[in-house]
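Residue numbers (our numbering), protein chains in the order written: chain Z, 484 to 835; chain A, 4 to 345.
Reviewing the structure listed below.
Written as structure tokens, this is what we have:
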């Protein structure tokens, strides 16, 4: 297992490096630069700006400088300043007067007073909160619905559950979002149609410190809109896999030994039937991440989604690199965790 | 003694009843099962209807999709108002537009009708691209096996690790700069010209093609592996058929069922990908109507004019339902063992 994790960790680094290379190459290869405006800036100003942000250097040098800033921890003898150039995501003191700075994602081109790390600190927690809530919705609706449909196969529960599931699969978040706003936000006025109810400071930098109704009333609609599609996929998968497992020999054996039915289901059937569900969590995370863009746009949530799209069309190089790398790291780590869980749940799977 | 020949061919089962003369073909049998599935038939009929709408959009749509009548901004007919009573205080009525007019006075119904063109093009071209690439790649990998198979599948693995939709967004957005215009004569220029000629669909196809084929390649490879060692392949080889002929005449027809099912079930994904890209503003070029961009425009004014988002949203949902129902039905019909899975 240790060897497997180590190998996957190396593989992960390769993928992230390749992603960074492709992104970097692509964004410099296509026409247009970060300082293009409707009315073109004078050449001297552009030259100055490019010098300021090191864009006049050869590409390979820019790329290596970027990798150095982001991936390699920098040691220095001086305390970190509040300069924009100094803004590292992780800063700590090792001893006496030795400081470590790591993950400096650089300045943003669109705003002179903000760094990419500022965006991460202020916008990313909101997207993560939305993502976690949506995942919770997906699992808490999907798994029980699938189990119920499988245990009561060919009854009204089954048909109802699977109708809900096909509804969830067929109605993407760009449809569900506006519909929910119209029904619950505009017509019934139960919930506010837009906004997000948390403010910094966040616990551990992510979790909202205030979990009162003022947070939930803004969070319910986006979380359900984003999570329902995934819950439908989970429900169908859970049902299919549980139906298969219930027919296995070892379930019959357990029953014939006189094990209680509830025990058979929870201890023997359920654990095995959840394995396919775990495997789909990886791709589902990817869908949820891209889903957050739309959800944030629809519900006016100040998360990362806006930056992802606008940074690309504005050629804001550091923001593009930062957001893409962030999502790539997140997805690769999520896939790794899923694989480890997979091995833990199914002892037949051995990775070395 | 007029028909001795036909008598010879007929076989008789118990009780003298003739067993069906030809033996049901697999496809005919599947078709019968499909026709018995009510949801699938409804889904299929809706798709046929949508296809007709798309083909005859010029005739059916009451207005051209880009015709702006600025004085008719946000106007709507009476029945829409009674459906959305919140608009009562400020709504301006006009019976000219069945679903109402949008924020620049374009007829919503015409745009929804023309929108079927984009969605259905994606729904039919997307699978074709991913099938062609995926089937060729997968059958080569599975048929030849060994080191080549290993290499080809590792490439697919790396592609899987890539966040594919992020890659599509990256690709699309980079070729669509806000301010930069590529210089004539360059490769980028010709590509963006071609893209503009297709109303912005080219990059969507490239994006779908680049990412969706990997799934098909994996599936095809698995299927090819399972029939590669069968006797009929052996027989064809003994008769002197070459690799190409074995692959495409003998193996492929035997593995095509699951591929068709997988592709049909993937169609809603392609449709929603296009809608998603148009929604975030990097899909089809305006003023080409896409349901995704219409929902996006409508979502801006959802509090004041909910009809502008709800109608295109319903159109998208109905199309997705239709393809999902048909896909489910096809799967059950082609492979009854799989009923209710996926």
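Even for Gly, the Cβ is constructed at its ideal location relative to N, Cα and C.
List, in order along the chain, the chain Z residues whose C-beta lies closer than 8 Å to that of residue i?
i: residue 125 of chain A; result: Per Cβ cutoff of 8 Å: no residues; residue 125 of chain A is ~14 Å from chain Z at best.
Among the residues of its own chain, which have a CB less than 7 Å from the CB of residue i, if the five just before and after it don't count?
i: residue 532 of chain Z; result: 518
i: residue 567 of chain Z; result: 590, 598
i: residue 318 of chain A; result: 115, 118, 294
i: residue 56 of chain A; result: 63, 116, 119
i: residue 511 of chain Z; result: 542
i: residue 667 of chain Z; result: 673, 674, 704
Are the CB atoms of residue j and residue i within a distance shorter than 9 Å?
i: residue 282 of chain A; j: residue 111 of chain A; result: no
i: residue 215 of chain A; j: residue 273 of chain A; result: yes
i: residue 775 of chain Z; j: residue 613 of chain Z; result: yes
i: residue 592 of chain Z; j: residue 577 of chain Z; result: no
i: residue 705 of chain Z; j: residue 778 of chain Z; result: yes
i: residue 680 of chain Z; j: residue 604 of chain Z; result: no
i: residue 664 of chain Z; j: residue 306 of chain A; result: yes
i: residue 788 of chain Z; j: residue 594 of chain Z; result: no
i: residue 654 of chain Z; j: residue 43 of chain A; result: no
i: residue 125 of chain A; j: residue 277 of chain A; result: yes
i: residue 700 of chain Z; j: residue 675 of chain Z; result: yes
i: residue 677 of chain Z; j: residue 782 of chain Z; result: yes
i: residue 549 of chain Z; j: residue 507 of chain Z; result: yes
i: residue 54 of chain A; j: residue 123 of chain A; result: yes
i: residue 762 of chain Z; j: residue 821 of chain Z; result: yes
i: residue 159 of chain A; j: residue 255 of chain A; result: no
i: residue 709 of chain Z; j: residue 629 of chain Z; result: no
i: residue 175 of chain A; j: residue 285 of chain A; result: yes
i: residue 309 of chain A; j: residue 72 of chain A; result: no
i: residue 618 of chain Z; j: residue 771 of chain Z; result: yes
In three-state DSSP terms, what is residue i?
i: residue 486 of chain Z; result: helix
i: residue 71 of chain A; result: coil
i: residue 10 of chain A; result: Unreliable placement is indicated for residue 10 of chain A, whose pLDDT of 44 sits below 50; no coordinate value is reported for it.
i: residue 576 of chain Z; result: strand
i: residue 48 of chain A; result: helix
i: residue 699 of chain Z; result: helix
i: residue 152 of chain A; result: helix
i: residue 539 of chain Z; result: coil
i: residue 581 of chain Z; result: strand
i: residue 343 of chain A; result: Residue confidence for residue 343 of chain A is low, a pLDDT of 44 falling below 50, so the modelled location carries little weight; the figure read from the coordinates is stated next. Of the three classes helix, strand and coil, the one that applies to residue 343 of chain A here is coil, per DSSP.
i: residue 636 of chain Z; result: coil
i: residue 524 of chain Z; result: coil
i: residue 79 of chain A; result: strand
i: residue 102 of chain A; result: coil
i: residue 172 of chain A; result: helix
i: residue 569 of chain Z; result: helix
i: residue 501 of chain Z; result: helix
i: residue 495 of chain Z; result: helix
i: residue 95 of chain A; result: coil
Could you work out which residues of chain Z lie near residue i, taking near to mean beta carbons separated by less than 7 Å?
i: residue 309 of chain A; result: 665, 669
i: residue 295 of chain A; result: 657
Tell me which residues share the same chain as residue i and place their Cβ nearer than 8 Å to its Cβ, disregarding the 5 neighbours each side in the sequence.
i: residue 265 of chain A; result: 218, 219, 222
i: residue 193 of chain A; result: none
i: residue 61 of chain A; result: none
i: residue 261 of chain A; result: 222, 226, 337, 338
i: residue 835 of chain Z; result: Note on residue 835 of chain Z: pLDDT 47, under 50, position unreliable in the model; the coordinate value appears next. Correct list, in chain order: 484, 486, 487.
Run down chain A in chain order and give the residues with a C-beta less than 7 Å from the C-beta of residue i.
i: residue 780 of chain Z; result: 283
Applying a beta-carbon distance threshold of less than 9 Å, which residues of chain Z neighbour residue i?
i: residue 173 of chain A; result: 505, 506, 509, 510, 795, 803, 807
Going by beta carbon distance, what residues of the same chain come within less than 6 Å of residue i, once the five residues before and after it are set aside?
i: residue 40 of chain A; result: 332
i: residue 300 of chain A; result: none
i: residue 224 of chain A; result: 141, 144, 145
i: residue 829 of chain Z; result: 758
i: residue 344 of chain A; result: Only weak support exists for where residue 344 of chain A lies, its pLDDT of 45 falling under 50; the coordinates are left without a value.
i: residue 5 of chain A; result: For residue 5 of chain A, the pLDDT reaches just 46, beneath the cut-off of 50, and the residue's location in the model is therefore unreliable, although a value from the coordinates is still provided. Cβ within range, chain order: n/a, list empty.
i: residue 251 of chain A; result: none
For a contact defined as C-beta to C-beta under 9 Å, what are the partners of residue i on chain A?
i: residue 792 of chain Z; result: 172, 176, 283, 284, 285
In chain A, which residues lie less than 8 Å from residue i when you measure between Cβ atoms?
i: residue 676 of chain Z; result: 305, 306
With 8 Å as the C-beta to C-beta threshold (strictly closer), list the residues of the segment 264 to 286 of chain A near chain Z in chain order.
-> 271, 275, 278, 279, 282, 283, 284, 285
Where the segment 297 to 308 of chain A meets chain Z: residues whose CB sits under 8 Å from a CB there | 298, 299, 301, 302, 305, 306
According to a CB-to-CB cut-off of less than 7 Å, which residues of the segment 308 to 329 of chain A neighbour chain Z?
-> 309, 312, 313, 316, 319, 320, 323, 324, 327
If you measure beta-carbon to beta-carbon, which residues of the segment 647 to 663 of chain Z are closer than 9 Å to chain A?
-> 649, 650, 652, 653, 654, 655, 656, 657, 658, 659, 660, 661, 662
Quick one, which residues of the segment 503 to 518 of chain Z are near chain A if we go by CB-CB under 9 Å, in chain order?
-> 505, 506, 509, 510, 512, 513, 514, 515, 516
The segment 81 to 99 of chain A: which residues have C-beta closer than 7 Å to a C-beta of chain Z, in chain order?
-> 89
When Cβ atoms are compared, which residues of the segment 37 to 53 of chain A fall closer than 8 Å to chain Z?
-> none
Residues in the segment 759 to 781 of chain Z having any Cβ partner in chain A nearer than 9 Å = 766, 769, 770, 772, 773, 774, 776, 777, 780, 781
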